[in-house]
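Asks:
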């Protein structure tokens, strides 16, 4: 039998075939004859619900729900709901006898694959199903004194450069050893992260094009750009020469990156710092007349899944800093896994507020411990007299998590709307030509 998705299911050509057709008919699957194959099983389109579990919607009224075997196949193929997979497989083996030896072998392989997906990446001795790094044609480029790259990109972000052997295309490569991945991270978590990273496409997010592996490493390949970090720009006091429109546009671009990750693919950053904000080597960065000079944020979705550290940083919210200090004392492996989605969003809001304050003032808003921050009622001083700037930064840096402004709300602020990038000369000339064309008589 051949499914409408192109999958083939083989059965023995005598009584077993009759039992297979009878079983599929009992579950309402329509069998149509075909000259190229014995039959074609037409199943409803598979969609996905919000929680990621396979969900079916019928095209027409005559199409019924899929059989247990097809549901288990869908769960294994999409690697989404593994508890559902095990339940369906157990049901099929126990209540409905397998129609042939091939079908039973297929179900056994599905169970083995689901067991692999439940394993921890750090302790897994097998490949986890990603493409091989060497087979993709990339090779890591030795570290050189490249003036187009900031040393913090390699030292702080651990980004190296990889080049394609045939096309010479360069990529940023974040390489990590599998045994360094947090113990709570399972294979299915990595595969889910990879699927979302490849879907995330935003102008202010450093885009991930491919993810590969070898026996001991994971490789995340990102777009390459000649850049410097925001930390380096602040150390050189470059921000002192930025105008208020430039400050507003760079801040808005950082905010847009965080919102895009959370809204489009459900990924939070959770570790945003001035080192993660990459600025192109261009003096017009953030300028309203700038053409393609945009700030980009690196690291969306990686923290808590690929890596996690317990360093006490001012860019982390005070409640999370306290949780990390307690985790170190209790020797826990992770803090992020215990956070709810709204707590993660508030963590990113605080980090975004520290970034905006750093862009505006050239320094971090706080330097003391988390306990002092929680007890302090003093707001960080802002030299800018614009009340809209105060409203955004004070809202993001609220000590109380419940009162803290969300990133999506900050993105709609009047401060950003007032200094929105105006079109470049090329875009203006294009619009003028369009208006002239539309004004002509037919």
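Residue numbers (my numbering): 42 to 483.
Just so you know, even glycine gets a beta-carbon here, dropped at the ideal spot from N, CA and C.
1) Determine contact between the segment 354 to 361 and the segment 238 to 256, defined as no fewer than three beta-carbon pairs at a distance below 8 Å.
2) My assumption, with CB atoms under 8 Å, is that residue 313 sits in contact with residue 396. Please give the rounded CB distance.
3) How many angstroms separate the CA atom of residue 233 from the CA atom of residue 254?
4) Between the alpha carbons of residue 33 and residue 392, how many angstroms are there, rounded?
5) Please report how far the alpha carbon of residue 321 lies from the alpha carbon of residue 274, in whole angstroms.
6) Taking the beta carbon of residue 475 as the centre, do at least 16 other beta carbons fall within 10 Å, making it buried, or is it exposed?
7) Whose C-alpha, out of 199, 279, 261, 346, is nearest the C-alpha of residue 308?
8) With respect to the alpha helix (DSSP H) encompassing residue 458, which residues constitute its N-terminal and C-terminal limits?
9) Just the Cα atoms here: how many angstroms apart are residue 339 and residue 479?
10) Taking only the alpha-carbon atoms, compute the straight-line gap between residue 278 and residue 159 and give it to the nearest angstrom.
11) To the nearest angstrom, how far is it from the Cα of residue 472 to the Cα of residue 300?
12) Mapping the DSSP letters down to three states, classify residue 263 as helix, strand or coil.
13) Whose C-alpha, out of 368, 256, 377, 182, is nearest the C-alpha of residue 217?
14) According to DSSP, simplified to helix, strand and coil, what is residue 284?
15) Just confirm the distance between the C-beta atoms of residue 214 and residue 262, as a whole number of angstroms; I'd bet it's less than 8 Å.
16) Near residue 364, which residues of its chain fall below 7 Å by C-beta distance, leaving aside the five closest residues on each side in sequence?
17) Distance, Cα to Cα, residue 210 vs residue 290?
18) Looking only at its chain, what residues have a beta carbon closer than 7 Å to the beta carbon of residue 205, apart from the 5 residues adjacent to it on each side?
19) Mark residue 382 as exposed unless 16 or more other C-beta atoms lie within 10 angstroms of its C-beta, in which case mark it buried.
20) Whose C-beta lies closer than 7 Å to the C-beta of residue 239 among residues of the same chain, with five residues either side of it excluded?
21) Report the three-state DSSP secondary structure of residue 252 (helix, strand or coil).
Replies: In brief:
1) no
2) As a position in the chain shown, residue 313 is number 272, starting the count at 1. As a position in the chain shown, residue 396 is number 355, starting the count at 1. Residue 313 to residue 396, Cβ: 6 Å. Contact.
3) Here residue 233 corresponds to residue number 192 of the chain shown, with the count starting at 1. Here residue 254 corresponds to residue number 213 of the chain shown, with the count starting at 1. If I take the Cα positions, the gap works out to 15 Å.
4) Residue 33 lies beyond the stretch modelled for the chain, which goes from 42 to 483, so this question has no answer here.
5) Position 280 of the chain shown, counted from the start, is the residue given in the question as residue 321. Position 233 of the chain shown, counted from the start, is the residue given in the question as residue 274. Each residue's alpha carbon lies about 11 Å from the other.
6) Position 434 of the chain shown holds residue 475. It counts as exposed.
7) Residue mapping note: residue 308 aligns to position 267 of the chain shown, counting from 1. With distances taken between Cα atoms, residue 308 lies closest to 346.
8) On the chain shown, residue 458 is found 417 positions in, with the first residue counted as 1. Taken as a continuous stretch (DSSP letters only), the alpha helix (DSSP H) holding residue 458 covers 455 to 459.
9) What you label residue 339 is simply residue 298 of the chain shown in a count that begins at 1. What you label residue 479 is simply residue 438 of the chain shown in a count that begins at 1. Residue 339 and residue 479: Cα-Cα distance of roughly 42 Å.
10) For the purposes of this step, residue 278 is taken as the residue at position 237 of the chain shown. For the purposes of this step, residue 159 is taken as the residue at position 118 of the chain shown. In a straight line, the C-alpha of residue 278 is about 48 Å away from that of residue 159.
11) Taking the first residue of the chain shown as position 1, residue 472 is located at position 431. Taking the first residue of the chain shown as position 1, residue 300 is located at position 259. Computed Cα separation, rounded: 29 Å.
12) Working through the chain shown from its first residue, we reach residue 263 at position 222. Three-state result, residue 263: strand.
13) Indexing the chain shown from 1 puts residue 217 at position 176. Among 368, 256, 377, 182, the Cα nearest to that of residue 217 is on 256.
14) Locating residue 284 in the chain shown gives position 243, counting from the first residue. It is coil, neither helix nor strand.
15) Counting from one through the chain shown, the residue named residue 214 turns up at place 173. Counting from one through the chain shown, the residue named residue 262 turns up at place 221. Residue 214 to residue 262, Cβ: 6 Å. Contact.
16) Counting from one through the chain shown, the residue named residue 364 turns up at place 323. Here the set comprises 376.
17) Numbered from its first residue, the chain shown carries residue 210 at position 169. Numbered from its first residue, the chain shown carries residue 290 at position 249. About 30 Å.
18) For this step, residue 205 is matched to residue 164 along the chain shown. Same-chain partners within the cutoff: 178, 179.
19) Locating residue 382 in the chain shown gives position 341, counting from the first residue. Classification of residue 382: exposed, given that the 10 Å Cβ count is below 16.
20) Your numbering for residue 239 matches position 198 in the chain shown. Excluding residues within five positions, the ones whose Cβ falls inside 7 Å are 249.
21) Taking the chain shown and counting its residues from 1, the one referred to as residue 252 is at position 211. Strand, per DSSP.
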